[in-house]
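Per my numbering, the sequence shown starts with residue 1, numbered consecutively.
Glycine residues also receive a C-beta, built at the ideal position from the N, C-alpha and C atoms.
No experiment lies behind these values; they were computed from the predicted model shown.
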Amino acid sequence: MKTARIPATSQEFPIGKIVCLARNYAEHARELGNETPAAPVLFMKPASAVIGDGDTVRIPPYSQECHYEVELAVLIGRECRAVSAENAMECVAGYGTAIDMTLRDVQNSLKAKGLPWEIAKGFDTACPLSDFVPASAVPDPHNLHLRLSVNGALRQDGCSSDMINRVPRIIAHISAIFTLQPGDVILTGTPAGVGQVVAGDVMEADIEGVARLHIHIQ
Ligand code: MG
1 MKTARIPATS QEFPIGKIVC LARNYAEHAR ELGNETPAAP VLFMKPASAV IGDGDTVRIP
61 PYSQECHYEV ELAVLIGREC RAVSAENAME CVAGYGTAID MTLRDVQNSL KAKGLPWEIA
121 KGFDTACPLS DFVPASAVPD PHNLHLRLSV NGALRQDGCS SDMINRVPRI IAHISAIFTL
181 QPGDVILTGT PAGVGQVVAG DVMEADIEGV ARLHIHIQ
């Protein structure tokens, strides 16, 4: 079982579902040639895809193009169903750093056929995820710098202030569809600068004041 930890409070949650937003930063939507959506675009990763700091992403043999996407992760600490945006932040237990590993070639071919994305987004090791800091330690989740470097070269450098849908609206939207439970995790989308990694690369993802992740590629 995969566990989400908040070391500062010694809280631990078995990870439930991981609900992810696509195209939540306009510049990133543009770089992939996508429209900016009117409503949040959602997909899920299974908890079995989670790996931790220091672990290794294993690119499946059915892909030749694996991309990184650094994202702010929101850990749910209390059950919520159809919560309002005004009350949504009471459900947040903490924040972490995630990388939404994506098999871009596989995803593009699925998109072209109108098929779901799970095999491009949910394979084993597709969700590097840090430990979490308590929500109380992050006064404004919409003023966080997100960075990702590959082999020491900076590739993504964005700010969560550029999110199209912000955390309260995201939680309100998702919880009207899926009941959110303690241990569920939301990945809030990636800023521009996504790109490919190959076997032997090392990624460093960092969200200032939240967490850093050091991940190998194989
Ligand atoms: Mg993503």
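- Cβ-Cβ distances below 7 Å link residue 63 to 103, 105, 106 in the same chain, with the five nearest sequence neighbours on each side left out; the list follows chain order.
- In the DSSP annotation of this structure, the continuous segment of the beta strand (DSSP E) that includes residue 14 starts and ends at 11 to 14.
- Annotated as proximal: residue 98 and residue 127, with beta-carbon spacing under 8 Å.
- Remark: the shortest separation between the CB of residue 158 and any heavy atom of the ligand MG does not fall under 7 Å.
- Residue 6 sits away from residue 85, with the two beta carbons spaced by 8 Å or more.
- In this structure, the CA atom of residue 193 is about 10 Å from the CA atom of residue 32.
- Short of 6 Å from the beta carbon of residue 9, and not among the five residues preceding or following it, lie these beta carbons of its own chain, in chain order: 134.
- Beta bridge pairing from DSSP links residue 119 with no other residue.
- Residue 21 places its beta carbon 8 Å or farther from that of residue 91.
- C-alpha of residue 15 to C-alpha of residue 27: approximately 30 Å in a straight line.
- In the three-state reduction of the DSSP assignment, residue 83 falls in the coil class.
- Segment contact: the segment 113 to 133 against the segment 41 to 56, three or more CB-CB distances shorter than 8 Å; contact assigned.
- When DSSP assignments are scanned along the segment 131 to 206, the uninterrupted stretches of beta strand (DSSP E) that are 3 or more residues long and fall wholly within it turn out to be 145 to 150, 153 to 159, 185 to 187, 195 to 197.
- With fewer than 16 other Cβ atoms inside 10 Å of its own Cβ, residue 3 counts as exposed.
- In the pairwise beta carbon analysis, the segment 149 to 167 is classified as touching the segment 197 to 209: at least three pairs are separated by under 8 Å.
- With a threshold of 7 Å, the Cβ atom of residue 187 counts as near the ligand MG, since some heavy atom of the ligand is closer than that.
- Residue range 41 to 45 is occupied by the beta strand (DSSP E) that includes residue 45.
- Taken atom to atom, the span from the alpha-carbon of residue 169 to that of residue 61 is near 37 Å.
- Remark: C-beta atoms of residue 78 and residue 182 approach each other more closely than 8 Å.
- Closest option to residue 95, judged by alpha-carbon separation, among 209, 25, 41, 123: 209.
- Straight-line spacing of the CA atoms in residue 29 and residue 191 works out to 9 Å.
- For residue 127, the pairing in a beta bridge is given by DSSP as 50.
- Residue 203 and residue 69 have their C-alpha atoms roughly 11 Å apart.
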